[in-house]
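These notes are about the structure you will find just below.
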Amino acid sequence: MSSDTLPDFGHPVKVTYKAGGGSDREQLEYNKTQLNFKAFEDWRKAVRDNLSRQRDPGHTFEADPWILKEVKIHSVHVFANGKIGFMTIEAFFEREAELPKNLDRVVFLRGGSVAMLMILRPRDSPNERYVIMTEQPRIGACSMSFLEIPAGMLDDSPEVKGKVLEEIKEETGFTIQKDELINLTELALRDAEAKDHVQSAMYPSPANLDEFIPLFLWEKELDRQEIEDLKGKLTGLRKQQEMITLRICNFEVLWREGARDAKTLAAWALYTGLSKEGKIQEELQDIRTGLRKKGYRSSHIT
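Each number in the working numbering corresponds to the 1-based position in the sequence shown with 51 added.
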């Protein structure tokens, strides 16, 4: 293993790299690749920013701030295209006065994902709602048929909405326009106070996982026969060379059918809460009247 120091912390922060084999020059290139892994770079910048916020008046740790002392890169998984996909690190923090004085955590870095709640409503019964879900093997849950809302990994692109549409088309076959999407997490957090530099997204396991998941809504009114045709077409449909099977779930039992999946529960809770406040209805009205494309929002309408 080789080591170096992380930049931009104002004090030496040791970083120990995963050995890559080969010559010293090849190891140096591999070290640079590890540092440039987007999930690691985003984690490093967020930690740096949030540690600096401890100096803000009234911060919980203002009197005895934590500092990052060392980062060890334990493992690196490289995809077939040569890019790093996952990384496991261990971070060591210290402070001077109060106990505990040390905070050590192993973190699995994979970057962000996206997920979408897809709702179909019959025009003749708008209170009736159906949700498109996916069923697929999820080995982390030891399941070969895990039920969840459609989701996928983000790449290096900053265009989150575009990635959502790619993943949804890949998993469900639906072609959706950007203007038809509602970012549920962003909408819910619009007036929330942010004490730290964190994403406007849901964190499924923040103790040891960097993954953040913006949750989107796509809701569509269709003729009942169109929905029935879709239900017949989609239910049990599995794409060739894919392990994903599509399911249709009644929204009224979504909380129960999707109870094992954090994304599904979070999307259900946000949708329910935002609907009670009338915010979903305002956003949908903007979409139907085309105000989204003109850059307006419901809050700007008089």
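Glycine is no exception: its CB is placed at the ideal position from the N, C-alpha and C atoms.
So the alpha helix (DSSP H) residue 339 belongs to, where does it begin and stop? 330-340
Does the Cβ-Cβ distance between residue 129 and residue 138 come in under 7 Å? no
Output the distance between the C-alpha atoms of residue 335 and residue 341, rounded to the nearest integer angstrom. 10 Å
First and last residue of the uninterrupted beta strand (DSSP E) at residue 7: Any property of residue 7 remains undetermined from this structure, which presents the chain solely from 52 to 353.
If we count Cβ pairs, one from each stretch, closer than 8 Å, do we get three or more for the segment 166-178 versus the segment 140-155? no
Look at the alpha carbon of residue 88 and the alpha carbon of residue 234, and state the distance between them as a whole number of angstroms. 26 Å
Can you tell which of 79, 60, 83 has its C-alpha closest to the C-alpha of residue 98? 60
Using a Cβ-Cβ cut-off of 7 Å (strictly less than) and excluding sequence neighbours within five positions of residue 191, which residues of its own chain qualify? none
Less than 7 Å between the C-beta atoms of residue 267 and residue 240, yes or no? no
Is it right to say residue 106 is buried, meaning 16 or more other beta carbons lie within 10 angstroms of its own, or is it exposed? exposed
Between which residues of its own chain and residue 350 is the CB-CB distance below 7 Å, once the five residues before and five after are set aside? Here the model assigns residue 350 a pLDDT of 30, short of 50, so the residue's position is not dependable, and the following value carries that caveat. Same-chain partners within the cutoff: there are none.
Can you name the residues that DSSP bridges to residue 300? 182
Tell me which residue opens and which closes the beta strand (DSSP E) that residue 136 is part of. 135-145
Identify every run of the beta strand (DSSP E) within the segment 87-131, keeping only runs that are complete inside it and at least 3 residues long; order them along the chain. 118-129
Rounded to the nearest angstrom, how far is the Cβ of residue 223 from that of residue 201, given a contact under 8 Å? 6 Å
Nearest to residue 302 by alpha carbon, out of 141, 182, 90, 125? 182
Residue range of the unbroken alpha helix (DSSP H) whose run includes residue 65: No alpha helix (DSSP H) holds residue 65; the beta strand (DSSP E) holding it covers 65-67.
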